[in-house]
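Some notes on the structure that comes next.
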Ligand code: IPE
Ligand code: IPE
Ligand code: MG
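Numbering (this note's numbering), first residue to last: 835 to 1073.
Right, dumping it as structure tokens:
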């Protein structure tokens, strides 16, 4: 776990919420809000290097979001494909290393291929590490990790007596990422909706009323300044 030696967060995770309400307030379909929300991802990723954010993880689609209408779900999948087509080149050229977390099994084959390709295309980049969570749920991730870990125990590759928190973390989708220092949720809801349950054990939280399509690099910078003033204790006594 990272100690509190840097005032700025190394890893920021964002629950991008409020697209639907943003669109509805304008008398538009929910997908219009998702489309606008996608553009904000681009702005925020671009702002990361100058704000000192090395890792950015965004929640794009949860394991619970399948409960939405077929129109909204398939519209979102189309937007993910469009985002990849539109952004691949600039992500690669701007030093962004892209990863996807979540269970790919339920996703359309074409989309999964595009995700794989973008990961490969940007694998050597190291300026910003962008992780996009699609069909991601914290509980689902822990369950899938446990399944793989159990298989390794069964096959003799892993000794059950050696299993500790670090072992389990190494089986999670996020195994290459540091834990998030800060989790931001837009749109006024103060809940985590199954996002990074394990990894956010010691994260700072920031819940803001702004709807995701209204989120700007300036708002982002303000939140990071607030973060720098917080005292993180990690269970110890300080000061
Ligand atoms: C977040 O916006 C994006 C996704 C969950 C895909 P919402 O679609 O949840 O927007 P609201 O919360 O209904 O306004
Ligand atoms: C969380 O938002 C998921 C994403 C932002 C992708 P939701 O809008 O799905 O969360 P709830 O339903 O309000 O908890
Ligand atoms: Mg929502």
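Idealized CB from N, CA, C, for every residue including glycine.
When DSSP reads this structure, residue 968 sits in a beta bridge with 895. The set of residues whose C-beta lies within less than 5 Å of a heavy atom of ligand 1 reads, in chain order, 851, 852, 853, 854 and 855.
Set against 8 Å, the gap from the CB of residue 849 to the closest heavy atom of ligand 2 is smaller. When distances are taken from the beta-carbon of residue 874 to the heavy atoms of ligand 2, even the shortest one reaches 8 Å or more. At a cut-off of 8 Å, the beta-carbon of residue 967 counts as near ligand 2: some heavy atom of the ligand is closer than that. Residue nearest to residue 1049 within the set 864, 842, 856 and 841 is 856 (criterion: CA-CA distance). In this structure, residue 898 has its beta carbon at no less than 8 Å from each heavy atom of ligand 3. Distances from the CB of residue 1023 to the heavy atoms of ligand 2 include at least one below 8 Å. According to DSSP, residue 847 shares a beta bridge with 891 and 1017. When the beta-carbon positions are compared, residue 963 and residue 930 come within less than 9 Å of each other. Nearest in C-alpha terms to residue 863, of all of 994, 985 and 903, is 903. DSSP, read as helix, strand or coil, puts residue 1038 in strand. In the three-state DSSP reduction, residue 1026 falls in the coil class, being neither helix nor strand. Nearest to residue 911 by alpha-carbon distance, out of 1025, 968 and 955, is 968. Note: residue 875 is not bridge-paired with any residue in the DSSP secondary-structure output. In the displayed model, residue 1054 falls within a helix according to three-state DSSP. Each residue's CA atom was taken as its position, placing residue 955 and residue 874 some 22 Å apart. For residue 1061, the secondary structure class from DSSP, reduced to helix, strand or coil, is helix. In the DSSP assignment, residue 916 falls outside any beta strand (DSSP E) and within the unbroken alpha helix (DSSP H) covering 904-927.
Counted as a single uninterrupted DSSP element, the beta strand (DSSP E) harbouring residue 932 occupies residues 930-935. Here residue 922 has 952 and 955 as same chain residues with Cβ atoms under 7 Å from its own Cβ, once five neighbours each way along the sequence are excluded.
Taking a cut-off of 8 Å for Cβ pairs, the segment 1038-1049 and the segment 1058-1065 touch, as three or more such pairs fall below it. Annotated as proximal: residue 881 and residue 887, with beta-carbon spacing under 9 Å. At a Cβ-Cβ threshold of 9 Å, residue 966 and residue 948 do not count as neighbours.
In the DSSP annotation of this structure, the continuous segment of the alpha helix (DSSP H) that includes residue 946 starts and ends at 943-955.
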